[in-house]
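K.L.:
A single structure is presented below for examination.
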Amino acid sequence: MTPALITETKPEDWTYVSEGGVTIVFLYRGPHNVQFSDHVLRLRKVAHGLSDSTLLGTNTEQPDDPMIAFQENIISKLVPSEFLPSLTVVVLDEVWLRSLVVLRDGDRPSKRRQTDQIDIRRKKGVLATDLIGGTPIAIEIKPKWGFLPTECHLSPESVTLKTTTCRFCMHTSFRMEQGGIGTTYCPLDLFSRDEPRVRKALGALWAGWYESGGSLNNLRLFVEGRMAKPDDDHSMQLLAHFFTTDESTDIQNLRESFTSALAQALLDSPILPLLSTLQRTLDILDVEGLSKLYTQTSSSSSCDGLGSSVPDPSMEEWKDFVEVYQSDHHSLDDTVPSPGHLRYYLMAYLLSATFKDCSIIIRPKSAHVGSFDATIIDMDIKSMDRLWKWEKLDREIVEHYENSGSQRRCIDSQRVRQAVCTQLSKWR
Ligand SMILES: [Zn+2]
3 MTPALITETK
13 PEDWTYVSEG
23 GVTIVFLYRG
33 PHNVQFSDHV
43 LRLRKVAHGL
53 SDSTLLGTNT
63 EQPDDPMIAF
73 QENIISKLVP
83 SEFLPSLTVV
93 VLDEVWLRSL
103 VVLRDGDRPS
113 KRRQTDQIDI
123 RRKKGVLATD
133 LIGGTPIAIE
143 IKPKWGFLPT
153 ECHLSPESVT
163 LKTTTCRFCM
173 HTSFRMEQGG
183 IGTTYCPLDL
193 FSRDEPRVRK
203 ALGALWAGWY
213 ESGGSLNNLR
223 LFVEGRMAKP
233 DDDHSMQLLA
243 HFFTTDESTD
253 IQNLRESFTS
263 ALAQALLDSP
273 ILPLLSTLQR
283 TLDILDVEGL
293 SKLYTQTSSS
303 SSCDGLGSSV
313 PDPSMEEWKD
323 FVEVYQSDHH
333 SLDDTVPSPG
343 HLRYYLMAYL
353 LSATFKDCSI
363 IIRPKSAHVG
373 SFDATIIDMD
383 IKSMDRLWKW
393 EKLDREIVEH
403 YENSGSQRRC
413 IDSQRVRQAV
423 CTQLSKWR
């Protein structure tokens, strides 16, 4: 199939939806077009003053956005296709992208505008199923880490903290100290499969959304294809129209109706247990155990950062990895990981990070509260050069939390306590 050409549409046909750290999303609102109607355009961003010159040589053909092949070859082996959006290539054009920037940059949050911009040198983007428009409302939840690590590979300093307080709650505390906005949301409540706890998590997500003016990224609400903000009366009326029987925009009432509807949708869906299982079985050593294994191997010198001397896997390697993960994973002795399996564990950690960082879009099947469809989005390949940064961040978060004197108790309902870490002394 020949790829769609973005120049067959006008920049004016696209409205800004939202953005994350690396991509930005626009919704097609132009005249009916087989390729573009009911689709969003996902473009890569680049930090101001930077561009990835290795990828963007002008004389060579640029590869397709790796997100497409990654989903097609890797993610689809782990997540049933009914929970995935369709992704296809769209050929971009620099002049067209420049016009889009002129038209829509003002719709982006100012903080984001100061940091990065659309990468106008890219020649290919991604067209994805539109999960935001064509429906009265859509809800995006970024659930984050849904498990507590096992004790085996944690240091004596971190083991108590890390098996008591979840990574997200520690990170929230760390961010708040640095001036970030707080939230009482704990992912382990959302992942618990226990209705009161799921409702508690959704209530906290709603409160975080409301109190932050919609700026926290763990919950986003969309009405009529646009991001809703709590200070926008029109958005609130539409949310009330959808979620409540009396259309009251009373905030407590709305929050209650929202949590009830969404709790049922999430409890009925296999998505959260699936994500939690993938996250925990791929991050089996914790970054601490991974780091120990890395320094043990002869090929790495102890002074370079975790993963920094390791080349990124090719798509073929990722395919082999998934086969091993699905067939042999359980036969590996994770209590005493073999240095020979280092690359396996590094790749597993990267893939775990993909599932820790993805979002779920929940949209109603009809115009009023009832049943919902859920789709997992934003599953991008993570690269080896992120590992040392994550290890550093992990240390900082734990140190901060230890010094803060807090000790929130987060309950991992699906945690299978490892009966014995018998090899522990040997491993340490
Ligand atoms: Zn927590």
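In our numbering, the protein residues as written are 3 to 430. Idealized CB from N, CA, C, for every residue including glycine. Keep in mind the model is a prediction, meaning the values are calculated, not measured.
1) Do Leu389 and Tyr351 have their CB atoms nearer than 8 Å?
2) Would the beta-carbon of Ile454 fall within 8 Å of that of Glu142?
3) Going along the chain, which residues of its own chain have a beta-carbon closer than 7 Å to the beta-carbon of Gln409, five neighbours each way excluded?
4) Does the pairing of the segment 220 to 239 with the segment 278 to 294 give three or more beta-carbon distances under 8 Å?
5) Does DSSP classify Arg411 as helix, strand or coil?
6) Compare the beta carbon distance of Leu295 and Pro341 with 8 Å and say whether it is the shorter of the two.
7) Is it true that the CB of Phe149 sits closer than 8 Å to the CB of Ile378?
8) Cβ-heavy atom distance between Pro189 and ligand 1 below 7 Å?
9) Do you know offhand how far Glu213's Cα is from Gly205's?
10) Please classify Lys428: does DSSP put it in a helix, a strand, or coil?
11) Out of curiosity, what's the CA-to-CA distance linking Ser316 and Leu353?
12) Give a single yes or no on whether Phe149 has its beta carbon closer than 7 Å to a heavy atom of ligand 1.
13) Do the CB positions of Ala263 and Glu197 come within less than 8 Å of each other?
14) Which ranges would you report for the alpha helix (DSSP H) in the segment 19 to 92 if only whole runs of at least 4 residues count?
15) Looking at the structure shown, is Val312 part of a helix, part of a strand, or coil, going by DSSP?
16) The alpha helix (DSSP H) spanning Glu213 covers which residue range?
17) What do you reckon, is the C-beta of Arg410 under 7 Å from a heavy atom of ligand 1?
18) Which residue wins for smallest C-alpha separation from Leu89, given the options Ile70, Gly210, Leu344 and Ser368?
19) Short check: CB of Asp132 to CB of Leu7, under 8 Å?
20) Based on Cα-Cα distance, which residue from Gly51, Thr117 and Gln73 lies nearest to Thr356?
21) If Pro138 sits next to Phe244, beta carbons under 8 Å apart, how far is it from one beta carbon to the other, in whole angstroms?
22) Are there three or more Cβ pairs, one per stretch, closer than 8 Å when the segment 389 to 400 is compared with the segment 113 to 124?
P.N.:
Quick answer:
1) One-based indexing of the sequence shown puts residue 389 at position 387. One-based indexing of the sequence shown puts residue 351 at position 349. Yes, these two residues count as a Cβ contact at 8 Å.
2) Lying before the first or after the last residue shown, residue 454 is absent from the chain, which here runs from 3 to 430.
3) Start at 1 with the first residue of the sequence shown, and residue 409 comes out as number 407. Only Thr166 and Thr167 meet the Cβ criterion.
4) no
5) Within the sequence shown, residue 411 is the residue found at index 409, counting from 1. The answer is coil: DSSP assigns Arg411 none of H, G, I, E or B.
6) One-based indexing of the sequence shown puts residue 295 at position 293. One-based indexing of the sequence shown puts residue 341 at position 339. Going by C-beta atoms, Leu295 is nearer than 8 Å to Pro341.
7) Position 376 of the sequence shown holds residue 378. Position 147 of the sequence shown holds residue 149. Not in contact: Ile378 and Phe149 (Cβ atoms no closer than 8 Å).
8) On the sequence shown, residue 189 is found 187 positions in, with the first residue counted as 1. Yes.
9) Taking the sequence shown and counting its residues from 1, the one referred to as residue 213 is at position 211. Taking the sequence shown and counting its residues from 1, the one referred to as residue 205 is at position 203. Cα to Cα, the separation comes out at about 12 Å.
10) Along the sequence shown, read from residue 1 onward, the residue named residue 428 stands at position 426. Reliability of the predicted coordinates at Lys428 is poor, the pLDDT of 41 falling under 50, and the value obtained from them is presented with this limitation in mind. Reduced to three states, the DSSP call for Lys428 is helix.
11) Here the question's residue 316 lines up with position 314 in the sequence shown. Here the question's residue 353 lines up with position 351 in the sequence shown. Approximately 13 Å, taken between the alpha carbons.
12) Numbered from 1 along the sequence shown, position 147 holds the residue referred to as residue 149. No - ligand 1 has no heavy atom lying nearer than 7 Å to the Cβ of Phe149.
13) Within the sequence shown, the letter at position 261 stands for residue 263. Within the sequence shown, the letter at position 195 stands for residue 197. It is not a contact, given that the beta carbons lie outside the stated cut-off.
14) 68 to 72
15) Walking along the sequence shown from the start, residue 312 turns up at place 310. Secondary structure of Val312 (DSSP, three-state): coil.
16) Position 211 of the sequence shown holds residue 213. It spans Glu197 to Glu213 - the alpha helix (DSSP H) in which Glu213 sits, taken as one unbroken run.
17) Reading the sequence shown from its first residue, position 408 is the one you call residue 410. For ligand 1, at least one heavy atom lies less than 7 Å from the Cβ of Arg410.
18) For the purposes of this step, residue 89 is identified with residue 87 of the sequence shown, where counting begins at 1. The candidate whose alpha carbon is nearest that of Leu89 is Ile70.
19) Taking the first residue of the sequence shown as position 1, residue 132 is located at position 130. Taking the first residue of the sequence shown as position 1, residue 7 is located at position 5. The answer is no: Cβ separation not under 8 Å.
20) Within the sequence shown, numbered from 1, the residue matching residue 356 stands at position 354. Of the listed residues, the one whose Cα sits closest to Thr356 is Gln73.
21) Position 136 of the sequence shown, counted from the first residue, corresponds to residue 138. Position 242 of the sequence shown, counted from the first residue, corresponds to residue 244. Sure, about 5 Å apart at Cβ, within 8 Å.
22) no
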